[in-house]
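J.:
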């Protein structure tokens with residue numbers, strides 16, 4: 089009986105944050121996004137927000153300056169991230 093109760097609690101807890109699952113059916117592409125030399129880095133902040141909302145997947149932030157971010161996302165999102173203005177660094 090205990091395992092069933094625990095499973096029910098876990099399933100019920102999944103909906104407590106009131107986030108709706110993203111129903112984006114666009115294919116995901118892999119990309120390398122170069123950050124900015126600004127502090128805090130607006131590119132990295134945008135990627136983290138997109139990851140939290142479920143738009144971006146498999147985010148890996150490499151220790152470099154500026155940061156390099158490997159991720160999977162729809163092409164439209166990758167293009168938007170690459171179009172963000174940056175100060176310094178490679179492009």
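In my numbering, the protein residues as written are 89 to 179. Think of the CB as a built atom: it goes at the ideal place given N, C-alpha and C, for glycine as much as any other residue.
Among 153, 133, 152 and 141, which one has its Cα closest to the Cα of residue 169?
T.: If we check each option's Cα against that of residue 169, 133 comes out closest.
J.: Where does residue 146 fall in DSSP's three states?
T.: In this structure, residue 146 counts as strand in the three-state DSSP scheme.
J.: Alpha carbons only, please: which of 137, 114 and 152 is nearest the one belonging to residue 125?
T.: Taking only the C-alpha atoms, the option nearest residue 125 is 152.
J.: What is the rounded straight-line gap between the Cα of residue 143 and the Cα of residue 127?
T.: When rounded, the distance between both Cα atoms is 24 Å.
J.: Tell me whether the beta-carbon of residue 117 lies closer than 8 Å to the beta-carbon of residue 145.
T.: Their beta carbons are not under 8 Å apart, which means residue 117 does not touch residue 145 by this criterion.
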